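Chemist:
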Amino acid sequence: MLTHRNTYLVLALLLVIWLTARFFLQMDISAWWLVLIPLIYIPLCVWGAIKVQANFFLPSLSQANTQEKVVALSFDDGPLPEFTPVILDILKEEEVKAGFFCIGKNIPENEDLLERIHAEGHVIGNHSWSHDFWFDLYSRRRMMIDMDTMEDQMLNVLDLKPRMFRPPYGVTNPNLATAIKLQKVKSIGWSIRSMDTVAKDEEKLLQHILSQLHPGAIILLHDTCKITADILPRLIAGIRERGYRFDRIDKLLNISAYA
Ligand SMILES: [Zn+2]
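In this note's numbering, the protein residues as written are 96 to 354.
1. With a 10 Å radius around its C-beta and 16 neighbouring C-beta atoms as the bar for buried, classify E246 as buried or exposed.
2. Suppose you measure from the CA of V218 to the CA of D207; what does that come to, to the nearest Å?
3. Cβ-heavy atom distance between H309 and ligand 1 below 8 angstroms?
4. Do the stretch 194 to 211 and the stretch 162 to 172 touch if we need at least three Cβ pairs shorter than 8 angstroms?
5. Extract the residue ranges of the beta strand (DSSP E) inside the stretch 179 to 235, only unbroken runs of 3 or more that lie entirely within it.
6. State yes or no: is the C-beta of D172 nearer than 8 angstroms to some heavy atom of ligand 1?
7. To which residues does DSSP link H317 through a beta bridge?
8. Is there contact here, the stretch 159 to 170 with the stretch 301 to 320, by at least three beta-carbon pairs under 8 angstroms?
9. Judging by CA-CA distance, which residue of R343, D318, H303, G284 is the nearest neighbour of Q158?
10. Quick one: grab the DSSP three-state call for A312.
11. Is it right to say D184 is buried, meaning 16 or more other beta carbons lie within 10 angstroms of its own, or is it exposed?
12. How should D254 be labelled, buried or exposed, when 16 other C-beta atoms within 10 angstroms of its C-beta is the threshold for buried?
13. What is the DSSP secondary structure of I322, counted as helix, strand or coil?
14. In the structure shown, what three-state DSSP assignment does Q278 receive?
15. M96 to F152, Cα distance in whole Å?
16. Which residue or residues does DSSP assign as beta-bridge partners of Q158?
17. For a test of your reading of the model: does the CB of F196 fall under 8 angstroms from any non-hydrogen atom of ligand 2? Yes or no.
18. Please work out which residues of its chain come closer than 7 angstroms, Cβ to Cβ, to T179, disregarding the five sequence neighbours upstream and downstream, and give them in chain order.
19. Put R343 into one of helix, strand or coil per three-state DSSP.
20. Quick one: using the 10 Å Cβ neighbour count with 16 as the cut-off for buried, is F119 buried or exposed?
21. Assess, as a yes-or-no matter, whether the stretch 227 to 238 is touched by the stretch 265 to 276 under the definition of 3 or more beta carbon pairs within less than 8 angstroms.
22. Please tell me whether A409 and R329 are closer than 9 angstroms, where the distance is taken between their beta carbons.
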């Protein structure tokens, strides 16, 4: 499997082989071969960092292993008063239960929204406290403090400890891999990225999502975007028209949302 650990081991082995050939066996082997190591390692690390589904640095659950036509909706970056309540109203009307990956710093002053998400049968995951642009450059310890601060908010408001963690921006790296392991949380990715944060055209956004539907899909949306609230009733209808039903993300993945 193409993981960071395996890549590291193979490249370290290549280095040992080169050193043995060059200095132990006295072979006339060019030092240019060593350039291959960073040329392979760096692009692979970049690819692995930005593609959460690759499971390169750490295992993430990005879809369910099923042939059944069932999908889960997930909403990131709330709770915020502008669109979270609108989205909750639509989900209630349509009888769809979703996953909300909340940012901890949004919870103070929006505790009622967090309580409403939970009371209406949705599940809440940790999406970090800060959602800082530089989160991926944090030390492991600082990442853990950030994740803990979000957990404390959840404990204060709902007396629940989230076990699902969605990496901010979906970026993973070795520090986050260790932090997730020590925090005993599960990394949750997605298999359909809606791109709703940058979408301008409602029809294109709908088609972009609907054209990628597959059994066991986890769809990434944001409860911070007007366009997401605007298309949600049509998106739900379109998914149902294609023969799919909805399941809550924790049920779809067969995991516990809380400790
Ligand atoms: Zn986010």
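Heads up, the beta-carbon is just placed ideally off N, CA and C, and yes, glycines get one too. Source: prediction; values computed, not measured.
Modeler: Based on what the coordinates show:
1. Here the question's residue 246 lines up with position 151 in the sequence shown. Buried.
2. Sequence index remark: in the sequence shown, residue 218 carries index 123 (1-based). Sequence index remark: in the sequence shown, residue 207 carries index 112 (1-based). When rounded, the distance between both Cα atoms is 15 angstroms.
3. Numbered from its first residue, the sequence shown carries residue 309 at position 214. H309 Cβ: outside cutoff for every heavy atom of ligand 1.
4. yes
5. 194 to 197, 218 to 221
6. As a first step, residue 172 is located in the sequence shown; it is residue number 77 there, counting from the start. Yes, Cβ of D172 sits closer than 8 angstroms to a heavy atom of ligand 1.
7. As a working mapping, residue 317 is identified with position 222 in the sequence shown. Answer is D171.
8. yes
9. Counting from one through the sequence shown, the residue named residue 158 turns up at place 63. The shortest C-alpha separation from Q158 is found at G284.
10. Sequence index remark: in the sequence shown, residue 312 carries index 217 (1-based). DSSP places A312 in strand when its eight states are reduced to three.
11. Along the sequence shown, read from residue 1 onward, the residue named residue 184 stands at position 89. With fewer than 16 other Cβ atoms within 10 Å, it is exposed.
12. Locating residue 254 in the sequence shown gives position 159, where the first residue counts as 1. Result: exposed.
13. Stepping through the sequence shown from its first residue, residue 322 is reached at position 227. If DSSP states are grouped into helix, strand and coil, I322 belongs with the helices.
14. Locating residue 278 in the sequence shown gives position 183, where the first residue counts as 1. Q278: helix per DSSP, three-state reduction.
15. Along the sequence shown, read from residue 1 onward, the residue named residue 96 stands at position 1. Along the sequence shown, read from residue 1 onward, the residue named residue 152 stands at position 57. Distance between the alpha carbons of M96 and F152 is about 12 angstroms.
16. Taking the sequence shown and counting its residues from 1, the one referred to as residue 158 is at position 63. A312.
17. As presented, the structure is devoid of ligand 2, carrying ligand 1 as its sole ligands.
18. Start at 1 with the first residue of the sequence shown, and residue 179 comes out as number 84. These residues qualify, in order along the chain: G173, L208, D318.
19. Position 248 of the sequence shown, counted from the start, is the residue given in the question as residue 343. Of the three classes helix, strand and coil, the one that applies to R343 here is coil, per DSSP.
20. Your numbering for residue 119 matches position 24 in the sequence shown. Exposed, since its Cβ has fewer than 16 Cβ neighbours within 10 Å.
21. yes
22. Outside the shown range of the chain (96 to 354) lies residue 409, about which nothing can therefore be said.
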